[in-house]
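The next block holds one structure in the form of structure tokens; read it before the comments.
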Amino acid sequence: MLNFNKDISEDLSFNGLLGSNLRRERTSSISTATNGGLVVPRLYAISNSASPVNPPTEFYSRRGVDGIFANANFGFKETYFVELSARQDKSTTLPEGDNTYFYPAAGVNVVFTNLLETPWMSHGKLRVNYAEVGNDAQPLSIFDVYDKPTGFGSTPIFSLPSTKNNPNLKPERSKSFEAGIEADFFNSLFGFDFTVYKSNTIDQIMPVSQTAASGYTNRYVNAGEVENKGIEVTAFVTPIQNSDFTWTMNFNFARNRNEVISLYEDVQNLTIASFQGGVSLNAAIGQPYGVIRGNDFVYTNGQKTVGENGYYLRSQRSDLIIGDPNPDWTGGFNNNITYKGVSLGFLIDVRHGGDVFSLDQWYGEATGLYEHTAGLNAKGNPSRLPVSEGGGVLLPGVKEDGTPNDIYAENQDGDGMTPYGYAADNYAGAPRAMYVFDGSFVKLREVALSYALPESVIGNLGFVKGVDLQLIGRNLWIIHKNMEYSDPEEGLSSGNAGRGYQSGAYPAVKTYGFNVKLNF
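Numbering (UniProt numbering), first residue to last: 1 to 520.
What follows is the structure, encoded as structure tokens:
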């Protein structure tokens, strides 16, 4: 990397760089597992397998990316700034002849407080930026290669894998635009930073489902365009600041809206992930990315409808959109109070909206594990008694003729849930929409208490120049949530393929720590 720094004139400055990056990756693994458990308990060795083990799975891949890049920054009178950058990469995981991709960026900043005589404004800046980012494919996504499954007896065999590779893949590309203003006032008594942005990702590389009649169940494609746009706001205020006492509050707010603009060919919906319970996460044209599909209630005049057995009816279609895992907005409040050497800070984290399907509650209510599946019904009788003996539950809603529901449903012998209504056919009767919950929460995310030893004590420690002690706790309190039995943040997995689905959720965990920092 070569760096340049030059004052072209008294008013015009320049700095920049020119560089290259060569990256090589090699991944190699061999793995197998015991079959049928262990012969000798706690002896964890493949040779201790109760039954013969399957042949080991071998994986090997390589990737190479060569890049060149340049950056230039120009400043005029410490007020106007222009930044230009560009990069070109060449990757071995894309088809030869179409494996080079170029992506530029540009930004303009104006420190407008240098143009105005505003003693009440300490700093103010306007900025506008545009950037593109390119990306290659995963290794082994272009050419079809053979798998080697278990042979027939002593006869070895080779076969094609279930995913069809694509020799015509193009590089992914993201294009983003951002504009903002930042300012602080009265020597940083208070200030803010406001940003609007828009980002479009095109030609995303992903495996998509296809009919197994083709010989493959998935194939790699460049799949369409997804747009994200929104606003981000941060602000701070320091209402008290003197030699002994400082109080600072920081706020943040973010609102993002995304939409699937297009997919590949004439496809209208792409299944990102399918889950137990009959729900899936999807990219559907015209919808937010990751919407939850499943079956819904049947509605009569806008009311949930029950059938002749008193259970809720469910829609015939199982591909209806029943939830959106994307939050309406997120925010936070960070408060820090310092008195002499003692500092107390706490962070409150907020998410508003964002749906979650809970497989845990689906199973738990069907098997009667939650306390609200028992107790007395509207007649004052135990709800788990047969309806013929005054038991059962009365679900809120209407009958098929639109009149208020007066049919009690059974709540026993695995008929599944009750106060809200499961049918008796082995977990399958409840509309999946019944177990889509609002994932909003307000959490006390962190509390930290710090103490800096005074100079009178540090002076006796020789070469030690400072000692800071800190007690810290994280995830201490869920102040508010709409999911009664679990933490809305607890999901099956991280990433886009796991949002909005909860299974085997662990209880929320508090953590505590103690830090000592020494300065020499």
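Ideal placement from N, C-alpha and C gives every residue a C-beta, glycine not left out. Source: prediction; values computed, not measured.
Test item: CB-CB of residue i and residue j under 8 Å
i	j	result
A430	Y312	yes
I205	L169	yes
G500	V356	yes
N326	N377	no
P207	N218	yes
L453	G368	no
D324	V350	no
Y130	F177	yes
A50	G36	yes
I261	R293	no
E225	S174	no
N135	E172	yes
S503	L359	yes
S315	N295	yes
K198	K229	yes
N519	G466	yes
S85	P104	yes
N405	V306	yes
D328	G353	yes
V128	V111	no
Q361	P386	no
Unbroken alpha helix (DSSP H) run spanning residue i, endpoints
i	result
W247	Looking at the DSSP string, W247 is not in any alpha helix (DSSP H); the run it does join, the beta strand (DSSP E), is 245-262.
residue 523	The chain is shown only over 1 to 520; residue 523 falls outside these bounds and no answer can be derived.
A366	359-366
For residue i, three-class secondary structure by DSSP
i	result
F185	strand
P419	Summary for P419: the model assigns pLDDT 39, below 50, so the residue's position carries little reliability; its value from the coordinates is reported in the next sentence. Of the three classes helix, strand and coil, the one that applies to P419 here is coil, per DSSP.
T305	strand
T234	strand
R121	It should be noted that the sequence gives Met, not Arg, for residue 121. Strand.
D425	Because D425 sits at a pLDDT of 36, beneath the cut-off of 50, its placement in the model cannot be relied upon, and the following sentence gives the value as read from the coordinates. Coil, per DSSP.
S388	helix
G294	strand
residue 527	Given that the chain is displayed from residue 1 to residue 520, the structure contains no residue 527 and the question cannot be resolved.
S214	helix
Y435	helix
N99	coil
G513	strand
N5	strand
T113	helix
T163	strand
E83	strand
E178	strand
I157	coil
E371	helix
G107	strand
I321	strand
I46	helix
G462	coil
G134	strand
N-terminal and C-terminal residue of the beta strand (DSSP E) that residue i is part of
i	result
G332	329-339
N405	Note, N405: premise wrong, no beta strand (DSSP E); not H, not E.
T27	12-31
G191	190-202
Q470	466-481
V65	57-76
A50	49-51
D349	342-352
F275	269-275
V279	279-284
Y451	441-452
V208	205-209
Test: residue i CB closer than 8 Å to a CB of chain D
i	result
F463	Among the protein chains of the structure shown there is no chain D, as only one such chain exists.
Any non-hydrogen atom of the ligand NAP closer than 7 Å to residue i Cβ
i	result
V398	The ligand NAP is not part of this structure, which contains no ligands at all.
Inset, instruction - Would you be able to state if there are at least three C-beta pairs under 8 Å between the segment 276-296 and the segment 393-400? - result: The segment 393-400 is not in contact with the segment 276-296.
Inset, instruction - Report yes or no: do the segment 56-68 and the segment 87-95 share at least 3 C-beta pairs separated by less than 8 Å? - result: Contact holds between the segment 56-68 and the segment 87-95, because three or more Cβ pairs, one in each stretch, are under 8 Å apart.
Inset, instruction - Give a yes or no on contact between the segment 71-87 and the segment 6-25, applying the rule of three or more CB pairs nearer than 8 Å. - result: Using a Cβ-Cβ distance cut-off of 8 Å, the segment 71-87 and the segment 6-25 are in contact, since at least three pairs of beta carbons, one from each stretch, lie closer than that value.
Inset, instruction - Please confirm if the segment 44-60 is in contact with the segment 14-29, defined as three or more CB-CB distances below 8 Å between the two stretches. - result: Pairwise C-beta distances place the segment 44-60 in contact with the segment 14-29, as three or more of them are shorter than 8 Å.
Inset, instruction - Mind the definition here: the segment 157-174 touches the segment 108-122 only if three or more C-beta pairs lie below 8 Å; say whether that holds. - result: Segments in contact, no.
Inset, instruction - Assess, as a yes-or-no matter, whether the segment 480-487 is touched by the segment 436-454 under the definition of 3 or more beta carbon pairs within less than 8 Å. - result: Yes, since at least three Cβ pairs between the segment 436-454 and the segment 480-487 fall closer than 8 Å, the two stretches touch.
Inset, instruction - Could you say if the segment 326-336 and the segment 243-257 meet the contact criterion of at least three C-beta pairs nearer than 8 Å? - result: Taking 8 Å as the limit for Cβ pairs, the verdict is that the segment 243-257 does touch the segment 326-336.
Legend entry - the segment 182-190 contacting the segment 231-244, beta-carbon criterion three pairs below 8 Å: Per the Cβ contact rule, the segment 182-190 is in contact with the segment 231-244 (3 or more Cβ pairs under 8 Å).
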